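Top line first, the protein sequences correspond to chains X and A.
If you number the first sequence the way my numbering does, the last residue is 205 and the count never jumps.
If you number the second sequence the way my numbering does, the last residue is 451 and the count never jumps.
Every residue, glycine too, gets a C-beta built ideally from N, C-alpha and C.
Since the model is a prediction, treat every value here as computed from it, not as a measurement.
Structure first, commentary second.
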Amino acid sequence: MGILRGINQKRIFRNILSNSRDRLYRMAYAWTHDPALADDLVQQTYFKALRNQRQLREIEAADAWLFRILANCLADHHRTRRELLSGDEIICIENRTPEHETRDEQIVQRVRHAVRSLPLAQCQVITLVDLEGFAYAAVSQILDIPVGTVMSRLSRGRLALRERLLDLRTQEVAESSPVMRRVK
Amino acid sequence: MKKDDLISEEQLNAFADGELDTEEESRIFELAENSPELDARLCQQRKLKEMVQHAFRNIPQGNKRSLQRRSNKRRLGFTIAAMLLLATGATVGWLTAQTMGTGQPGMPFAVAAQQEQSEAWLLHVSSSDPERMKLALRRADELVNGPGATEARRVEIVANEGGLDLLRSDTTPFSQEIRELARNDVLFFACSRAIERLEREGVDVQLLPEANTEYSALDRVVLRLQQGWEYVKI
Chain X
22 MGILRGINQK RIFRNILSNS RDRLYRMAYA WTHDPALADD LVQQTYFKAL RNQRQLREIE
82 AADAWLFRIL ANCLADHHRT RRELLSGDEI ICIENRTPEH ETRDEQIVQR VRHAVRSLPL
142 AQCQVITLVD LEGFAYAAVS QILDIPVGTV MSRLSRGRLA LRERLLDLRT QEVAESSPVM
202 RRVK
Chain A
218 MKKDDLISEE QLNAFADGEL DTEEESRIFE LAENSPELDA RLCQQRKLKE MVQHAFRNIP
278 QGNKRSLQRR SNKRRLGFTI AAMLLLATGA TVGWLTAQTM GTGQPGMPFA VAAQQEQSEA
338 WLLHVSSSDP ERMKLALRRA DELVNGPGAT EARRVEIVAN EGGLDLLRSD TTPFSQEIRE
398 LARNDVLFFA CSRAIERLER EGVDVQLLPE ANTEYSALDR VVLRLQQGWE YVKI
């Protein structure tokens, strides 16, 4: 009976793993804004998850466990590279100019840019809650921080996003009309 | 002090994220009904969430496409060989079945083989340590030639990172063993991303003729997990 349960659990786990790839990639991309790095992180997450699957005690917790591995892989990456964890230090390189983008692309790029410019800690909390719909308790487990910290990071991050994004329409109207800019 | 000022940012977020209990939610709904400012704050919070979701709905997929083209090119020879093999197998299988009188006419060879298939194994090598490589090859050999091996058993070895050395003609110490295993239908896959990485560093990567390429080791692993294969990290 135990063996059958074990086999079944293994099958369920592997199904979850197989079906999580796009979600993990989306999260990795939202945290790094680098498709190649996001790919690498997802690959590392997968192999770590497969190697350590016995550590997963409850199959119901598999989702949060996978995202926790992803967060650890990113932290390892930053440690290895000795990069600053602050998202403010990341330089944004845009290949396309706003003139070449459709209106929808402009909004998408602007929101991504705003998310990118948040400190990584705030970016992670916001994306885990908004993109994956994780409960605060799950985010607390994934990032290994207290629920109170989840709430305060979320609060600060959203305040910053609100300042940058919610006058979007006003900004767009302003940007579409010619303006004089002061050059220092 | 206005009523909605009593609602903290944290509470607003918890409301938007469905983290409040029913009682607390009702209280905020009630307050919002009488406070256009609070109502506007709640709407903004929801809008912000939707904007973030919208921004990451369609995201760039790395350099998968360009690498896939390369892989397909490399794989073309293998695909043609596999098709020829399959066609030959189908003919031989059909003729044998007719001669023996035990076959099921009309059943394609590949389908029959799949029905017989009892086990399939994917071995994954990511280390350049020759001992690890040897272990992977020995494990593959046991699976295809050891006790309990059946003709239907399928074995693949996928190599990435340092493990790529196993399948590079200039670095592998095991070309003879790989040739032998390939004769026993063990398939070998090299990770194209690992190859690209080496090539960016100026390394001219030449693979053994037995090696096929996959966009990434992960692609192979995911595919095989979905198909119910056993995965073993060496």
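Bridge partners of C408/A according to DSSP: E431/A. DSSP places V403/A outside both helix and strand once states are collapsed to three, so it counts as coil. A distance below 8 angstroms separates the beta carbons of L259/A and F232/A.
Note that the C-beta distance between W52/X and L187/X is not below 8 angstroms. R371/A: not part of any alpha helix (DSSP H); member of the beta strand (DSSP E) spanning 371-376, first to last residue.
Residues of chain A whose Cβ lies closer than 9 angstroms to the Cβ of L77/X do not exist, since the nearest Cβ in that chain is about 15 angstroms away. At a Cβ-Cβ threshold of 8 angstroms, E378/A and S343/A count as neighbours. Comparing alpha-carbon positions, the option among R185/X, L91/X, L62/X lying closest to Q130/X turns out to be R185/X. Going by beta carbons, V438/A and L339/A fall inside the 8 angstroms limit. Counting along the chain, the unbroken beta strand (DSSP E) around W338/A starts and ends at 337-342.
Per DSSP, reduced to three states, the secondary structure at R385/A is strand. Contact check for A272/A against V132/X passes: the beta carbons are separated by less than 8 angstroms. Under the three-state reduction of DSSP output, V449/A falls in the strand class. For the segment 349-364 of chain A, the beta-carbon criterion of a distance under 7 angstroms to any beta-carbon of chain X is satisfied by none of its residues. Approximately 6 angstroms separates the beta-carbon atoms of S161/X and P167/X; this is inside 8 angstroms, confirming the contact. Beyond the five residues adjoining it in sequence on each side, E447/A comes within less than 8 angstroms, by CB distance, of E336, A337, W338, L339 in the same chain, given in chain order. Our two residues, L384/A and G363/A, have alpha carbons roughly 23 angstroms apart in a direct line. Contact of Q423/A with chain X is not assigned, every C-beta pair being separated by 8 angstroms or more. Separation of the CB atoms of A399/A and F405/A is rounded to 7 angstroms, and the pair is thereby assigned contact status at 8 angstroms.
Taking a C-beta distance under 8 angstroms as the contact criterion, Q262/A and D151/X do not qualify as a contact pair.
Boundaries of the alpha helix (DSSP H) harbouring N362/A: 347-362, taken from the DSSP string. Looking at the DSSP output, L424/A shares a beta bridge with R385/A. With a contact defined as Cβ atoms closer than 8 angstroms, L381/A and A411/A qualify at about 5 angstroms.
Counting C-beta pairs closer than 8 angstroms gives fewer than three between the segment 29-46 of chain X and the segment 414-424 of chain A, which falls short of the contact rule. Assignment of N73/X by DSSP, reduced to helix, strand and coil, places it in the coil class. Counting only the Cα atoms, Q443/A lies some 6 angstroms from S39/X. Flagged as an interface residue toward chain X: E236/A, by a C-beta distance shorter than 8 angstroms. Among the residues facing chain X, F273/A is included, as its CB has a counterpart in that chain under 8 angstroms away. Proximity of P56/X to chain A, defined by a Cβ-Cβ separation below 8 angstroms, is satisfied. Residues of chain A with a Cβ closer than 7 angstroms to the Cβ of R183/X are, in chain order, Q261, L265. At least one C-beta of chain X is nearer than 8 angstroms to the C-beta of V269/A. Counting C-beta atoms within 10 angstroms of its own C-beta, S386/A has fewer than 16 neighbours from the protein chains shown and is therefore classed as exposed. With respect to the 8 angstroms criterion, I245/A and I276/A are not classified as neighbours on the basis of their beta carbons.
Here the C-alpha atom of L139/X lies approximately 50 angstroms from the C-alpha atom of R355/A. In the three-state reduction of the DSSP assignment, S39/X falls in the helix class. In this structure, R179/X and N230/A form a Cβ contact; the two beta carbons are roughly 6 angstroms apart against a cut-off of 8 angstroms.
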